[in-house]
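Going by the numbering used here, the sequence shown runs without a break in its numbering and finishes at 630. Yeah, the Cβ is synthetic: ideal placement off N, Cα and C, and Gly gets one too. What you are looking at is a predicted structure, and each value in this text was computed from that prediction instead of being measured. A short write-up of the structure that comes next.
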Amino acid sequence: MKKIITILILIISFTTVAQIEDPIEWNTSVEKISDTEYILIATATIEKSWHLYSQNVPENGPIPTTFYFDETKNSFAKIGKTVEEEGHTVDDKVFEMKIKFFENTAVFKQKIKLKSEQKTILATVEFMVCDDTQCMAPTEVDLEFNLDNAKKASEIIFKSTENKEENNGLWMIFILGLGAGFIAIFTPCVFPLIPMTVSFFTKQSKNKTAGIKNAIIYGLSIIIIYVVLGTAVVAIFGASAINEFSTGVAFNLILFFILLIFAFSFLGAFEIMLPSSWANKIDSKADKGGYVGIFFMALALAIVSFSCTGPFVGNIIVLSASEGGLAPVIGMLGFSLAIALPFTLFAAFPGWLNSLPKSGGWLNTIKVVLGFLELALAFKFLSNADLVAHWDLLKREVFIGIWIVIFIGLTLYLFAKIKFPHDSPIKKLSFSRISFGVLVFSFVIYIAPGVLKNPTWNLGLLSGFPPPQFYSIYEQESDCPLGLDCYKYFDEGLAKAKEVNKPILLDFTGWACVNCRKMEENVWSEPDIYQTLKNDYILISLYVDDNEKELPIEQQFDFLKPNGKIKKIKTVGDKWSTFQVINFKNASQPYYVLLSPDLEILNNAQQYTDRDTYYNWLKEGLDSFNQK
3 MKKIITILIL IISFTTVAQI EDPIEWNTSV EKISDTEYIL IATATIEKSW HLYSQNVPEN
63 GPIPTTFYFD ETKNSFAKIG KTVEEEGHTV DDKVFEMKIK FFENTAVFKQ KIKLKSEQKT
123 ILATVEFMVC DDTQCMAPTE VDLEFNLDNA KKASEIIFKS TENKEENNGL WMIFILGLGA
183 GFIAIFTPCV FPLIPMTVSF FTKQSKNKTA GIKNAIIYGL SIIIIYVVLG TAVVAIFGAS
243 AINEFSTGVA FNLILFFILL IFAFSFLGAF EIMLPSSWAN KIDSKADKGG YVGIFFMALA
303 LAIVSFSCTG PFVGNIIVLS ASEGGLAPVI GMLGFSLAIA LPFTLFAAFP GWLNSLPKSG
363 GWLNTIKVVL GFLELALAFK FLSNADLVAH WDLLKREVFI GIWIVIFIGL TLYLFAKIKF
423 PHDSPIKKLS FSRISFGVLV FSFVIYIAPG VLKNPTWNLG LLSGFPPPQF YSIYEQESDC
483 PLGLDCYKYF DEGLAKAKEV NKPILLDFTG WACVNCRKME ENVWSEPDIY QTLKNDYILI
543 SLYVDDNEKE LPIEQQFDFL KPNGKIKKIK TVGDKWSTFQ VINFKNASQP YYVLLSPDLE
603 ILNNAQQYTD RDTYYNWLKE GLDSFNQK
């Protein structure tokens, strides 16, 4: 039935707009990668208020944009699928479903490899364009790609794996949120509320079926409350603003002080409480009963437990900063799901309560342990600010030394050598407490060599958390990763590459980039990769968050962003981040590109990956360079 309705809509729309001039214009261009490899580029210019649909649309939706390349002569082979830009995914008013489409312009790219000499490649594109009320009939346009007019490749082809990587990042945020939620359950502000909640539902529900139904509504209400909080963060700050803030000095200093406050709160110095009047008003609403009462009871839980859950919520939003977009919403979804699950299950099956351990001093122990961990995490954000601003305060050895002090303190606490205000008297150490104490002290022993001048290992488990190895209190051979020779300015590195006729490894990195440090300390440090970087490549490391160094006035310029706004490029970090976006249509770090001294791209770009993949990628680039 839905398909028939869709067809009727299309017929009506086509009849209405039959006389309208085609609102889209197609142009073609070609980029040359090598003598046999090319990128065919089809660019659609779309009139205002109209939009072009993606190559991938839901079933019973509009006609997708589809490219048909003339391969009858068998003179070339397509490499991969035709790839497209990010576009917009919205609720389409015409088709009443979520659909991806493009506005203003759309760029499609197809990589090919020639099998024989060829001057032109023919193709046909089938597509549909619509506005908010009507659609044009499906149209076919013939395209011609002239290989003789191919320009040197100046940007890399869009990677079809980008969405997968983004999804993996969101999955990680969801899992972190889920883990934080399960830990938050075992805090003094949340755990004791489970029996109280069960008691409420057993009294209010007339029978078991009603109890299960009310419990599910209660759990869903908890999820909605926290997800709305995450949505509010996105709405207030914008989909990408948090990510942009995350490398700023001010933002990292604010996070340092916030986490410091959370840490001291968990250690018992004071309680972070929302106004009691809020809880009283919410409690009065909860007494009304019905679905509205259940929702307000869930809201009361969120407010009453805030002193324990607040730090978790804050940390999730902070960790979501590296992802941006919908990450805060996804993180809150994971957190709220973990919080809601036990309340829902125990409310639905109250007999399970007998299996729960009784509340006691162990809850405060968990809270204090979390306080120590918050304190350690706080110094990570202070380190980010120090690295970006080049204050030289938290050198690598100083940072590790602070962590050693923090975790020695945690060890002493677990062995009952120090106490905090809300601790209960300990007559005998439990096996679990002793075991965890031994584990924490083992961690102290593991990181202790990090304060030495020449540590015996590079703290692989902590890669990315301490400052880089070249940011040291000891004199270093180089201020580049692992003591390698590198250039911090593109022109200088390019001149050197031309002088010695070596390929370039263009490394888009950041002072506050955790994954960049992991790649350098765990992948670049591998002997074969290290020797390849040292002997066969010119390394150019461009720090996109180096925003404390201003460019000379004559080098500052205005950059027109895709949204039509103008960004003033004033700092070194601004320059390199814009350079990456303009040339490679990518803004994530680490991001690696292999170039010849003539600025020809040698192979596809590489991002955060494993040792074998990275080594093979470097060798592939060398082979491509040596064949030129």
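- For Gln112 against Lys80, the beta-carbon gap comes to about 6 angstroms, under 8 angstroms, which counts as contact.
- In the DSSP assignment, the residues bridged to Asn148 are Thr122.
- DSSP places Asn585 in the uninterrupted alpha helix (DSSP H) bounded by 574-586.
- Assignment of Phe351 by DSSP, reduced to helix, strand and coil, places it in the coil class.
- Note that the C-beta distance between Phe409 and Val446 is below 8 angstroms.
- Between Lys551 and Asn605, the alpha-carbon positions lie close to 32 angstroms from each other.
- Listed in chain order, the alpha helix (DSSP H) elements of length 4 or more contained wholly in the segment 388-446 are 398-416.
- Phe472 carries a coil assignment under DSSP once its states are collapsed to helix, strand and coil.
- Phe259 carries a helical assignment under DSSP once its states are collapsed to helix, strand and coil.
- Per the DSSP secondary-structure output, Tyr489 pairs in a beta bridge with Ile542.
- Of the residues Trp526, Asp481, Arg398, Val516, the one whose Cα lies closest to the Cα of Tyr617 is Trp526.
- Where Phe103 is concerned, the enclosing beta strand (DSSP E) starts and stops at 99-105.
- Met521 and Gly466 have their C-alpha atoms some 9 angstroms from each other.
- DSSP, read as helix, strand or coil, puts Ala108 in strand.
- Your pair Met299 and Tyr415 does not check out as a contact, with CB atoms roughly 36 angstroms apart and the cut at 8 angstroms.
- Counting only the Cα atoms, Glu622 lies some 40 angstroms from Trp393.
- In this structure, Phe104 lies near Gly89, with their beta-carbon atoms less than 8 angstroms apart.
- A contact is defined here as three or more CB-CB pairs under 8 angstroms, and the segment 531-548 meets this definition with respect to the segment 506-515.
- Take the alpha-carbon of Ile449 and the one of Ile402: they are about 7 angstroms apart.
- Among the bridge pairs identified by DSSP, Val32 is matched with Leu42.
- DSSP places Gly623 inside the alpha helix (DSSP H), whose first and last residues are 613-628.
- Judged by DSSP in its simplified three-state form, Leu463 adopts helix.
- Taking all protein chains shown into account, Pro529 has fewer than 16 neighbouring C-beta atoms within 10 Å of its C-beta and is therefore exposed.
- In the DSSP assignment, Lys115 forms a beta bridge with Glu39, Ala79.
- Assignment of Thr67 by DSSP, reduced to helix, strand and coil, places it in the coil class.
- Non-local beta-carbon contacts of Ser474 in its own chain, meaning distances under 6 angstroms to residues more than five positions away in sequence, involve Lys397, Arg398 in chain order.
- Tyr593 is bridged by DSSP to Phe510.
- Under the three-state reduction of DSSP output, Lys536 falls in the helix class.
- Under the DSSP assignment, Val516 falls outside any beta strand (DSSP E), being part of the alpha helix (DSSP H) whose first and last residues are 516-520.
- Under the 10 Å beta carbon count, Leu454 is surrounded by fewer than 16 other beta carbons and is classified as exposed.
- With 16 or more other Cβ atoms from the protein chains shown falling within 10 Å of its own Cβ, Ile187 counts as buried.
- Per DSSP, Thr91 is one residue of the beta strand (DSSP E) stretching across 90-94.
- Under the three-state reduction of DSSP output, Val85 falls in the strand class.
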